[in-house]
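For reference, the structure discussed in these notes is given below.
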Amino acid sequence: FSGEVVGDGERLSVLRGSNAAYVIFTSGSTGRPKGVAVSHEAVVNQLVWKRSEFGLGVGDVVLLKTAATFDLSVWEFWSALVSGASVVVASVEGHRDAAYLHELMVAESVTTLHVVPSTLSALLAVSGGVLSSSLVRVLAIGEALPGATAQWFRRGNAGALFNLYGPTEAAVSVTVHEVGAGDVAGVPIGVPEWNTGVLVLDERLHPVPVGVSGELYLAGVQLARGYVGRVDLTAERFVANPFVGVAGVGVGSRLYRTGDVVRWGGSGELEYVGRSDFQVKVRGFRIELGEIESALRGVDGVVDVAVVARVDEFAGDQLVAYVVGGVGVSLDVAEVKVALGAVVPSYMVPSAFVVLDALPLTVNGKLDRAALPAPVFEAVVFRAPSTPVEEAVARVFSEVLGVDRVGVDDDFFALGGNSLIATQVVSRLGVALDAVVPVRLVFEAPSVGGLAVRVEQSVGSGDRVALVARERPGVVPLSLAQQRMWFLNRF
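Quick note: to get this note's numbering, add 9 to the position in the sequence shown (first position is 1).
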């Protein structure tokens, strides 16, 4: 093998900007994932715009924590490399542990964080609302950014927070908005980036007025080539552009139908409303509910199924599966869950399963999703905690999950817990027991009794300084973040 650069004469054809740079698979409604092919020129446009927009340079430090199966990783892999910045690589599975990520950002003086809003909330929770003072910019993308999360960040951090939007079919992001004090009820997704056009159209492909909701269509250089080996889906979602002058392209070019419902706000920025189909976003992952339903129908004994996303006060967005067994079949939820987990990724396995005799239908014979009952997370036969550590674990489970009574044998995930809430569990346990509790312990020993045994040996090892009352000085000293803000203001 030669170490020389490959020349055009050694390729099957000349390398062009329109050639595919990577393929990322997203969930498909038919049960078959869709491979999205993104071109070199789309990625280059995104990275060059990003470098210019945010002033990335040699003094920046970027955190790399996202798996390559999620297109947010495109930013983390290459933003620093095209800007002369440094890259800090998180440990394997480190993205699951908010406390670890916070400590890593502080230790390595990370200046640029790319994050899904739900993970940003987890980071704010474990850090008391104050992230690393080195952060210059935080780029949130992947799901709707709640106004409460945005303002929580702004209250304790001097760095800028940006809300970006973009489907996998358009090279990471296509619109951007810098979060301000007025973004309380909701955060806009902003204005188009370089060489990108956005259109808000009604069902007849007519542009809608300001304030009226419509489907978002995208144009420009960042559109993907299409779906690999799926000309049918490509033709359905990538449609002909009937408009002239959109992002420098005219009639005969393409538009991408996002399926997202948006509207133009009075400030000239786009506001996200919701989805026009049964595609949802749960903890940053875009999921076709139909793909999960298709996989469940392939499980022995299951004859009918419906999967919905529900919002829980404590657990946030959760997937719930409603399954119907065949005649004389008694479905075992544990077995169904294991069978589903063998064919879909873990983030697509619903948090709760509800067995029904039949799915509720409307008068027209269609599934009545509004009539599907709320899931009930069952606890095992109650056995009271018998040690102080078991009592502490049970109390924390009860607080974060909103469950009145938690026993020694109760399982965190069976009660409705998920990976994001697990970060809250370890944070609260660390405070209650003066211990350092890795988030992996919740996954390895999810029951109250099991986790108590694993945690007990590290009780009192956290080296936490006790809070004691002291005299209030005449001049209250500034925090490190306040000192930084004062210095930058004077400078």
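Heads up, the beta-carbon is just placed ideally off N, CA and C, and yes, glycines get one too. Model, not experiment: these values are computed from the prediction.
Enclosing beta strand (DSSP E) for residue i [first to last residue]
i: residue 43; result: 43-48
i: residue 451; result: Counting along the chain, residue 451 falls outside any beta strand (DSSP E), though it belongs to the alpha helix (DSSP H) covering 449-453.
i: residue 24; result: Unbroken run through residue 24: none, as it is neither H nor E.
i: residue 169; result: 169-174
i: residue 149; result: 146-149
i: residue 383; result: Where residue 383 is concerned, there is no enclosing beta strand (DSSP E), given that its DSSP letter is neither H nor E.
i: residue 364; result: 361-365
i: residue 271; result: 263-273
Residue i versus residue j - alpha carbon distance
i: residue 15; j: residue 87; result: 21 angstroms
i: residue 109; j: residue 263; result: 43 angstroms
i: residue 59; j: residue 346; result: 41 angstroms
i: residue 299; j: residue 366; result: 21 angstroms
i: residue 50; j: residue 247; result: 18 angstroms
i: residue 138; j: residue 272; result: 31 angstroms
i: residue 373; j: residue 170; result: With a pLDDT of 47 at residue 373, under the threshold of 50, the modelled position of that residue is not reliable, and no figure is offered here.
i: residue 412; j: residue 424; result: 8 angstroms
i: residue 414; j: residue 407; result: 7 angstroms
i: residue 132; j: residue 338; result: 45 angstroms
i: residue 199; j: residue 26; result: 27 angstroms
i: residue 190; j: residue 167; result: 13 angstroms
i: residue 33; j: residue 239; result: 14 angstroms
i: residue 242; j: residue 451; result: 41 angstroms
i: residue 401; j: residue 444; result: 12 angstroms
i: residue 8; j: residue 66; result: Residue 8 is absent from the structure shown; the chain starts at 10 and stops at 500.
i: residue 311; j: residue 331; result: 10 angstroms
i: residue 54; j: residue 266; result: 21 angstroms
i: residue 187; j: residue 172; result: 6 angstroms
i: residue 118; j: residue 68; result: 11 angstroms
i: residue 61; j: residue 84; result: 14 angstroms
i: residue 360; j: residue 178; result: 28 angstroms
i: residue 77; j: residue 30; result: 13 angstroms
Limits of the unbroken alpha helix (DSSP H) element including residue i
i: residue 35; result: Per DSSP, residue 35 belongs to no alpha helix (DSSP H); it is in the beta strand (DSSP E), 29-35.
i: residue 440; result: 428-442
i: residue 161; result: 156-165
i: residue 213; result: Taken as a continuous stretch (DSSP letters only), residue 213 belongs to no alpha helix (DSSP H), as it is neither H nor E.
i: residue 398; result: 397-410
Which of helix, strand or coil DSSP assigns to residue i
i: residue 186; result: strand
i: residue 17; result: helix
i: residue 228; result: strand
i: residue 243; result: helix
i: residue 373; result: Low per-residue confidence applies at residue 373: pLDDT is 47, beneath 50, and the placement is therefore not dependable, though the value from the model is reported in the following sentence. The answer is coil: DSSP assigns residue 373 none of H, G, I, E or B.
i: residue 285; result: coil
i: residue 456; result: strand
i: residue 180; result: coil
i: residue 297; result: strand
i: residue 493; result: helix
i: residue 478; result: coil
i: residue 446; result: coil
i: residue 152; result: coil
i: residue 465; result: helix
i: residue 280; result: strand
i: residue 249; result: strand
i: residue 207; result: strand
i: residue 352; result: coil
i: residue 200; result: strand
Whole-Å CB distance - residue i paired with residue j, under 8 angstroms assumed
i: residue 233; j: residue 47; result: 5 angstroms
i: residue 52; j: residue 180; result: 6 angstroms
i: residue 96; j: residue 89; result: 5 angstroms
i: residue 183; j: residue 195; result: In fact, because the Cβ distance is near 19 angstroms, the residues do not count as touching under 8 angstroms.
i: residue 295; j: residue 35; result: 6 angstroms
i: residue 3; j: residue 193; result: The requested residue 3 does not occur in the structure, where the chain is confined to residues 10 to 500.
i: residue 394; j: residue 457; result: 7 angstroms
i: residue 418; j: residue 392; result: 6 angstroms
i: residue 205; j: residue 229; result: 4 angstroms
i: residue 134; j: residue 432; result: 7 angstroms
i: residue 162; j: residue 147; result: 7 angstroms
- Mind pulling the beta strand (DSSP E) runs of 3 or more residues that sit fully within the region 304-350? 311-321 and 325-334
- Would you list, in sequence order, the uninterrupted alpha helix (DSSP H) runs of no fewer than 4 residues that lie entirely inside the region 114-140? 126-135
- Continuous beta strand (DSSP E) assignments of at least 3 residues falling wholly in the region 67-108: Counting only runs of 3 or more, we get 70-73 and 95-98.
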